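**Q** Sharing a structure here in structure tokens format.
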């Protein structure tokens, strides 16, 4: 069985939350390490001192769900899914980048 990337596992946790219509990353400008624009819906950053992990999620919600409630549910789901593999405490930031009509097909 192939090994899945941690971000893919967390993406599954995100999309399983009611009210999430899709992962919806916003491209970010190049940094000193790359000349490409990056768009990652789930970004994981590990820190060494002290050991910890921060996860940022970008998503779209359905208009018939309260965005704040969806974001809180996603934060809880992602933190729970990440706890076993994290080097220490896990923090999660959820950014709602779009609110879409209820029942709209995924973009």
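In my numbering, the protein residues as written are -10 to 96.
Ideal placement from N, C-alpha and C gives every residue a C-beta, glycine not left out.
Here the structure is a predicted model, which means the values were calculated and not measured.
Cutting at 6 Å between CB atoms, please list the residues of its own chain near residue 126, excluding the five before and the five after it.
**A** Outside the shown range of the chain, which is -10 to 96, sits residue 126, and nothing can be said about it.
**Q** Report yes if the C-beta distance between residue 0 and residue 31 is below 9 Å; otherwise report no.
**A** As a position in the chain shown, residue 0 is number 11, starting the count at 1. As a position in the chain shown, residue 31 is number 42, starting the count at 1. Their beta carbons are under 9 Å apart, which means residue 0 touches residue 31 by this criterion.
**Q** Please report the straight-line C-alpha distance between residue 16 and residue 29, rounded to a whole angstrom.
**A** Translated into the one-based positions of the chain shown, residue 16 becomes position 27. Translated into the one-based positions of the chain shown, residue 29 becomes position 40. Residue 16 and residue 29: Cα-Cα distance of roughly 7 Å.
**Q** Taking the alpha helix (DSSP H) that residue -2 falls in, what are its first and last residues?
**A** Looking up residue -2 in the chain shown gives position 9. Note, residue -2: alpha helix (DSSP H), -5 to 4.
**Q** Look at the alpha carbon of residue 18 and the alpha carbon of residue 82, and state the distance between them as a whole number of angstroms.
**A** Against the chain shown, residue 18 aligns to sequence position 29. Against the chain shown, residue 82 aligns to sequence position 93. Rounded to whole angstroms, residue 18 to residue 82 spans 19 Å at the Cα level.
**Q** Just curious, the alpha helix (DSSP H) that residue 15 is in, first and last residue?
**A** Taking the chain shown and counting its residues from 1, the one referred to as residue 15 is at position 26. No alpha helix (DSSP H) contains residue 15, which DSSP labels as neither H nor E.
**Q** Could you tell me the distance, in whole angstroms, from the CA atom of residue 40 to the CA atom of residue 65?
**A** For the purposes of this step, residue 40 is taken as the residue at position 51 of the chain shown. For the purposes of this step, residue 65 is taken as the residue at position 76 of the chain shown. Answer to the nearest angstrom: the Cα atoms are 20 Å apart.
**Q** When you compare only the Cα positions, how much space is there between residue 85 and residue 33?
**A** By one-based count along the chain shown, residue 85 stands at place 96. By one-based count along the chain shown, residue 33 stands at place 44. The straight-line gap from Cα to Cα measures roughly 17 Å.
**Q** Quick one: give me the first and last residue of the alpha helix (DSSP H) that residue 32 is part of.
**A** Counting from one through the chain shown, the residue named residue 32 turns up at place 43. First-last for residue 32: 31 to 37, but that is the beta strand (DSSP E), not the alpha helix (DSSP H).
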